[in-house]
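Participant:
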Amino acid sequence: MTILVTGGSKSGKSSFAESLLDGFSGEKIYIATMKPYGEEAFSAIERHRKMRKDKNFRTAEKYTDIGEVKIPLGSAVILECLGNLLANEMFKDGGEVRECADMVEKIVGDIEKLSTKCSKLVIVSPCVFSDFRKYTVDTAVYVKNLAEINRRIAEISGCVYECVYGIPVFIGGKNENNF
Amino acid sequence: MKMITGGAFQGKSEFAVKNMSVSESEILDGGTCVPEEVFSAVCVKNFHKLVGRVAEKGGDVIDFTKKLCRENKDIIIIIDEIGCGVVPVLKSDREYRENVGRAGCIIAENSSEVYRVFSGIAVRIK
Numbered sequence: 006m007t008i009l010v011t012g013g014s015k016s017g018k019s020s021f022a023e024s025l026l027d028g029f030s031g032e033k034i035y036i037a038t039m040k041p042y043g044e045e046a047f048s049a050i051e052r053h054r055k056m057r058k059d060k061n062f063r064t065a066e067k068y069t070d071i072g073e074v075k076i077p078l079g080s081a082v083i084l085e086c087l088g089n090l091l092a093n094e095m096f097k098d099g100g101e102v103r104e105c106a107d108m109v110e111k112i113v114g115d116i117e118k119l120s121t122k123c124s125k126l127v128i129v130s131p132c133v134f135s136d137f138r139k140y141t142v143d144t145a146v147y148v149k150n151l152a153e154i155n156r157r158i159a160e161i162s163g164c165v166y167e168c169v170y171g172i173p174v175f176i177g178g179k180n181e182n183n184f
Numbered sequence: 015m016k017m018i019t020g021g022a023f024q025g026k027s028e029f030a031v032k033n034m035s036v037s038e039s040e041i042l043d044g045g046t047c048v049p050e051e052v053f054s055a056v057c058v059k060n061f062h063k064l065v066g067r068v069a070e071k072g073g074d075v076i077d078f079t080k081k082l083c084r085e086n087k088d089i090i091i092i093i094d095e096i097g098c099g100v101v102p103v104l105k106s107d108r109e110y111r112e113n114v115g116r117a118g119c120i121i122a123e124n125s126s127e128v129y130r131v132f133s134g135i136a137v138r139i140k
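Order-wise, the sequence lines are chains A and B. According to this note's numbering, the first sequence holds residues 6 to 184 in order. According to this note's numbering, the second sequence holds residues 15 to 140 in order.
1) Quick check: B:ARG26 and B:VAL131, are their CB atoms within less than 7 Å of each other?
2) Determine, using beta carbons only, whether B:LYS16 comes closer than 7 Å to chain A.
3) Return the residue from the list A:ASN150, A:LYS97 and A:LYS111 that minimises the CA-CA distance to A:ASP70.
4) From the DSSP secondary-structure annotation, give me the bridge partner or partners of B:VAL58.
5) Hey, is B:TYR129's beta-carbon within less than 7 Å of any beta-carbon in chain A?
6) According to DSSP, is B:GLY99 part of a helix, a strand, or is it coil?
7) Going by CA-CA distance only, name the one from B:GLU51, B:ALA122 and B:LYS71 that's closest to B:LEU42.
8) Let me make sure I understand the geometry here. Which of A:ALA46, A:ASP98, A:GLY100 and A:GLU94 has the alpha-carbon closest to that of A:VAL113?
9) Quick one: does A:VAL109 have its CB under 7 Å from some CB of chain B?
10) Should A:ALA106 be labelled buried (16 or more other beta-carbon atoms within 10 Å of its own) or exposed?
11) Name, going along the chain, the residues of the segment 79-102 of chain B whose beta-carbon falls closer than 7 Å to a beta-carbon of chain A.
12) Is DSSP giving A:CYS86 helix, strand or coil here?
13) Given a cut-off of 7 Å on the beta-carbon distance, is the pair B:THR46 and B:ILE93 in contact?
14) With a threshold of 7 Å between beta carbons, is B:ARG116 in contact with chain A?
15) Under 7 Å Cβ to Cβ from B:GLU40, same chain only, skipping five residues before and after it: list those, please.
16) Listed from N- to C-terminal order along the chain, which residues in the segment 40-70 of chain B have their beta-carbon within a distance smaller than 7 Å of any beta-carbon of chain A?
17) For the segment 17-36 of chain A, enumerate the residues whose C-beta is nearer than 7 Å to any C-beta of chain B, in chain order.
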């Protein structure tokens, strides 16, 4: 079963995503997609590490091609987060756009691969769709791709939540009691 | 404590006036008020702007928000949802967004009721 947790920045997505696996007794794997470059990324990674320190997660750092992560059968997985994953897949380290015929299909395919290996999959994805700013062409494509991936995951997932200032709002699908 | 959030210009203050027996003149504006006034206010709007102003003056936003939750338990806090765009280019914008997010989470946690207003329609989310 797959569940999508979205929301704005600092809306409590990760903490809620982790709590969804609180009662899970099997192996819990945390796929971290953020590259540890720069002071801000480093402090964000540290903050998240502290947050899940006592929650028995094994961290697997994987910045692209998440379908390749080795997952013991029956594990629960948190993918954190789709925003970084898409940026890593779309842009090279210098910011140059990587060639890919269909980025949405590539990432949805990787997620499907991942979901067949684990019993529970929680995907954290940022909500970046309500901004007044005009983005550059590349960033606009990024936003559109992310929205499409979110929608595709929502189709295959059991349920979607949006976090608002720490409050998980149930958007649709089956609720977490069935998760 | 009650919290009203949602995007800009969605009818958050109107909702407070209509449904929470607050008069317009009682609503403090976080964009212009003396920050400390909030500790005794009935209602404050633009709390996100107040967060930015406190941080600009070198204040600790988390301490400020926690103090507010302790000292003014009956306040109604109106705060925009601002974190739903791509990560801003400017570091100061990124910090502002983080500060507002953290402060908002503290307020939501301490509120008995939280509403989200969209196109004038309020949905109770807590």
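Glycine included, C-beta positions come from ideal geometry on N, C-alpha and C.
Facilitator: Looking at the atomic coordinates:
1) Here residue 26 of chain B is Lys; the residue named in the question, Arg, does not match the sequence. The answer is yes: Cβ separation under 7 Å.
2) Interface flag for B:LYS16 against chain A is unset, since no Cβ pair is found closer than 7 Å.
3) Nearest of A:ASN150, A:LYS97 and A:LYS111 to A:ASP70, Cα basis: A:LYS111.
4) The partner list for B:VAL58 (beta bridge, DSSP) reads B:LEU42 and B:ILE91.
5) It does not; no Cβ of chain A falls within 7 Å.
6) Three-state result, B:GLY99: coil.
7) Nearest to B:LEU42 by C-alpha distance, out of B:GLU51, B:ALA122 and B:LYS71, is B:GLU51.
8) Cα-wise, what sits closest to A:VAL113 is A:GLU94.
9) At a cut-off of 7 Å between beta-carbon atoms, A:VAL109 makes no contact with chain B.
10) Exposed is the call here.
11) Under the 7 Å Cβ criterion, the segment 79-102 of chain B contributes GLU95, GLY97, CYS98, GLY99 and VAL100.
12) Residue state, collapsed to three classes: coil.
13) No, they are not a contact pair.
14) So, interface residue.
15) Closer than 7 Å at Cβ, skipping near neighbours: VAL56 and CYS57.
16) Answer set for the segment 40-70 of chain B: empty.
17) Within the segment 17-36 of chain A, the qualifying residues are GLY17.
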